[in-house]
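J.: Mapping the sequence shown onto the numbering used here, position 158 (from 1) lands on 158, and the numbers just tick up by one. Backbone N, C-alpha and C define an ideal beta-carbon position, used for all residues, glycine too. Here you go, one structure.
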Amino acid sequence: WDPAAIIFIYWLENIVIGFYNILKMLKAALPIPLDVPPVVINMPWWKRPIYTRTKRAFILSFIVFYGSFVALHGALVFTFFRPSTLHLTGIMIAVLSLFISHGISYAHNFIGKGEYQRVTSDSLGLYPIQRVFFMNAAVLVGGFVAQFPGGQIFILVVLVFLKIFIDLLTNRYLHADKSPKETTAPA
């Protein structure tokens, strides 16, 4: 594998995560709290902005903001790493594997363990955006290091281990049992 192809697959994973996050936002069971600022929709042909707290509005704003971050991340990936050869079959297998992996996590944790019953759709929009922000920072630093001889392999190894470490931490955090613990009074 070309190091740039692996970075490209990491970028594609952001799209998979965004897809499943939209499903999570649709399934979230708790109502959006009134203290959450509404989504403001400004349309040039309308006299006043529309203020709303609906799931659809939060999902639409997630798609716009997250899509912008993912597009920027993709531009950085192609600018710094310039994949010379992309083996379409290998990339399709990798993306299919990511869809299956994240799909199993969605079904097992979010649906099966009832995580959807403890979240609001507005609260789900932040995690993927934070993830892309940190991946953008890593790609910027990695892109700089990759310009030096041997730098692409070095930064690839660092990014792979960093991604594994961050994925393990976030997976433990996101799927930790956050239900209130029962306490018994001493006798």
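What's the gap between the Cα of F110 and the Cα of S97?
T.: About 19 Å.
J.: Using the Cα positions of I164 and A57, report the straight-line distance between them to the nearest angstrom.
T.: The straight-line gap from Cα to Cα measures roughly 33 Å.
J.: Look at H87 and W11 and say whether their C-beta atoms are less than 7 Å apart.
T.: No, the Cβ-Cβ distance between H87 and W11 is not below 7 Å.
J.: With C-beta atoms as the reference, is F81 less than 7 Å away from I7?
T.: Against a cut-off of 7 Å, the Cβ pair of I7 and F81 comes out as a contact.
J.: Checking 7 Å against the spacing of the C-beta atoms, do G61 and V39 come in under that value?
T.: Rather than Gly, the amino acid found at residue 61 in this sequence is Ser. Contact flag set, yes.
J.: Check this for me: beta carbons of L124 and K24, under 7 Å apart or not?
T.: Yes.
J.: Quick check on DSSP: helix, strand or coil for L34?
T.: Note: L34 maps to coil in three-state DSSP.
J.: Could you name the residues of the same chain whose beta carbon sits closer than 8 Å to that of Y106, not counting the 5 residues immediately before and after it, in chain order?
T.: Same-chain partners within the cutoff: Y20, L23, K24.
J.: Are the beta-carbon atoms of I155 and V145 separated by less than 7 Å?
T.: A contact, by the Cβ cut-off of 7 Å.
J.: Who are the Cβ neighbours of V102 in its own chain at under 7 Å, not counting the five residues just before and after it?
T.: In the sequence on display, residue 102 carries His and not Val. Same-chain partners within the cutoff: V16, I17, Y20.
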